[in-house]
């Protein structure tokens, strides 16, 4: 005999739409593969939700920790080797590294010493922030688990109000927008960094070059994507509340469940505050990195195109591509965050507009003062203090951020664009500037399409400046040194030995 206890009722009931945690799980699986999410996942099938757990003794935490340590030790070794911090290779004579190749980022042959140091500082900053992001990911894993599980509670409250969870759809946003906006450009730039160093004949070098090329950029993309996903979750939850109110009004229902709606809105606003506090450390670092790399890349772009002696070889073209596209990519990431955050406020304003219309209807109705005052309280809450995603009150993702960050950043970029002009007061010393701050071994033997040779009475053999060493091009003693300029209006000048072409008596 079948009773209600042994009938498989759950198997015949339609499953609810997937909750937020079920839709974001592919992204957090990816972060776990990258050793950035030391959490375990437990599926709740009847609710189509996922419960996140954090345990120090779990296999997920131990494996993620070991993998993260290995990646960053390899990253540190690769950075020391590839950033020219040392004048010699690590583990010399071991056969680990391939011989020097002219394509492999001899950036110092294309730009000035200052620009070369700027490139190294950007790569160093990426490595440092990558390590900080991984550290914060482990330290804040319990808080992340609690924050994600809190979405399950909010979804349960919405289902109790008989909300049709059709507007909570974020899976396509993750699959398409996050993939093509965040990861495809990142992998493209990372591949440009990696391909010139990769050599299958040297397996250790190949592994280190892949880690050095991909890990910092991927870490930046993952952190940026996590912020966008958490902001998007807030947006779709507010949209679901708005859709529920519109459905009530369109069906001519007598009364809105205004108290329950009020409670949901309070939870969502509290969630927005907690979201901002959780994202604050990583996002402040991300904004700083975006501003620094954007300004530095723009400076490199202007410097290289303002100098006609820049070589258009493979390494130079890679640097030009990086310096021209990366600033736009960095600014677009910041603008998208602002766009998603502003959309949250817009959803709130639309809810307030619906309640305002409802309040006008209440003036002609007989639903009581308690109901009317509840509607007014919700309306005043949404209009007097709109929801803002604030990173510990340092940055607020609203229109003020556009004026407070984007415009100063643009002015900074414009100022940097003028800096190469200030550094080059005369075209006659442009090549001299190229050699500032660089060792003699790295000074190019030729500068553009011209050659400068020297003839001396003691040494009649013509030699270039790189072969001869530092020499006065403009000298007070013309008979001993002559300059033969060949098809060029330029002069190669050593800035440390620059001498005015007149003596004190002439002055």
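Numbering (full-length UniProt numbering), first residue to last: 1 to 507.
Each residue gets a CB set at the ideal place from its N, CA and C atoms; glycine is no exception.
Keep in mind that this is a model prediction, so the values were computed, not measured.
Go ahead and pull the three-state DSSP assignment for residue i.
i, result
"residue 198", "coil"
"residue 50", "strand"
"residue 44", "strand"
"residue 343", "helix"
"residue 390", "strand"
"residue 140", "coil"
"residue 155", "helix"
"residue 39", "coil"
"residue 55", "coil"
"residue 165", "coil"
"residue 330", "helix"
"residue 19", "coil"
"residue 385", "coil"
"residue 435", "For residue 435, the predicted model reports a pLDDT of 34, less than 50, meaning its position is unreliable; a value from the coordinates is still stated below. Residue 435: coil per DSSP, three-state reduction."
"residue 401", "Caution is warranted here: a pLDDT of 48 is assigned to residue 401, below 50, making its placement in the model unreliable, and no coordinate value can be reported."
"residue 83", "coil"
"residue 263", "helix"
"residue 349", "helix"
"residue 95", "coil"
"residue 257", "coil"
"residue 178", "helix"
"residue 132", "helix"
Alpha carbon to alpha carbon, how far is residue i from residue j?
i, j, result
"residue 144", "residue 135", "14 Å"
"residue 326", "residue 243", "39 Å"
"residue 161", "residue 255", "13 Å"
"residue 70", "residue 207", "12 Å"
"residue 23", "residue 65", "26 Å"
"residue 301", "residue 43", "49 Å"
"residue 182", "residue 175", "11 Å"
"residue 131", "residue 333", "21 Å"
"residue 141", "residue 117", "36 Å"
"residue 377", "residue 338", "28 Å"
"residue 342", "residue 187", "28 Å"
"residue 114", "residue 171", "45 Å"
"residue 383", "residue 336", "24 Å"
"residue 209", "residue 72", "13 Å"
"residue 257", "residue 215", "49 Å"
"residue 201", "residue 16", "54 Å"
"residue 211", "residue 197", "11 Å"
"residue 288", "residue 139", "21 Å"
"residue 203", "residue 62", "27 Å"
Since residue i contacts residue j with CB under 8 Å, what's their CB separation in whole angstroms?
i, j, result
"residue 52", "residue 149", "6 Å"
"residue 120", "residue 83", "5 Å"
"residue 241", "residue 264", "6 Å"
"residue 57", "residue 39", "Not quite, the Cβ-Cβ distance comes to about 13 Å (not below 8 Å), so this is no contact."
"residue 48", "residue 18", "4 Å"
"residue 293", "residue 122", "5 Å"
"residue 232", "residue 173", "6 Å"
"residue 34", "residue 147", "Incorrect: roughly 19 Å between the Cβ atoms, too far for contact."
Once the 5 residues before and after residue i are set aside, which same chain residues still bring their CB inside 6 Å of it?
i, result
"residue 354", "245"
"residue 191", "none"
Between the options, which lies nearest to residue i when the distance is taken from Cα to Cα?
i, options, result
"residue 259", "32, 370, 147, 388", "370"
"residue 514", "43, 99, 379, 391", "A question about residue 514 goes unanswered here, because the residues of the chain that appear run from 1 up to 507."
"residue 276", "59, 125, 230, 77", "230"
"residue 248", "335, 357, 171", "357"
"residue 235", "131, 350, 196", "350"
"residue 239", "217, 60, 158", "158"
"residue 284", "50, 72, 171, 389", "389"
"residue 381", "262, 126, 26, 127", "262"
"residue 286", "77, 257, 274, 330", "330"
"residue 375", "96, 352, 391, 114", "352"
"residue 224", "31, 21, 45", "31"
"residue 205", "385, 77, 34, 383", "77"
"residue 79", "28, 180, 193", "193"
"residue 213", "250, 127, 16", "127"
"residue 177", "340, 251, 250, 29", "340"
"residue 153", "197, 50, 139", "50"
If you drop the 5 nearest sequence neighbours on each side, which residues of the same chain put their C-beta closer than 7 Å to that of residue i?
i, result
"residue 387", "269, 272, 344, 345, 348"
"residue 185", "329"
"residue 279", "227, 230, 391"
"residue 164", "none"
"residue 169", "236"
"residue 282", "133, 136, 223"
"residue 20", "151, 155, 168, 170, 233"
Can you list, in chain order, the residues of its chain with a C-beta nearer than 8 Å to that of residue i? Leave out the 5 residues immediately preceding and following it.
i, result
"residue 36", "64, 68, 133, 134, 137, 219, 222"
"residue 290", "330, 331, 333, 334"
"residue 124", "79, 83"
Does at least one heavy atom of the ligand COA sit under 8 Å from the Cβ of residue i?
i, result
"residue 290", "Annotation note on the ligand COA: not contained in the displayed structure, which lists no ligands."
Just checking: is the beta-carbon of residue i within a distance shorter than 9 Å of some beta-carbon in chain C?
i, result
"residue 161", "Any reference to chain C falls outside this structure, which holds one protein chain only."
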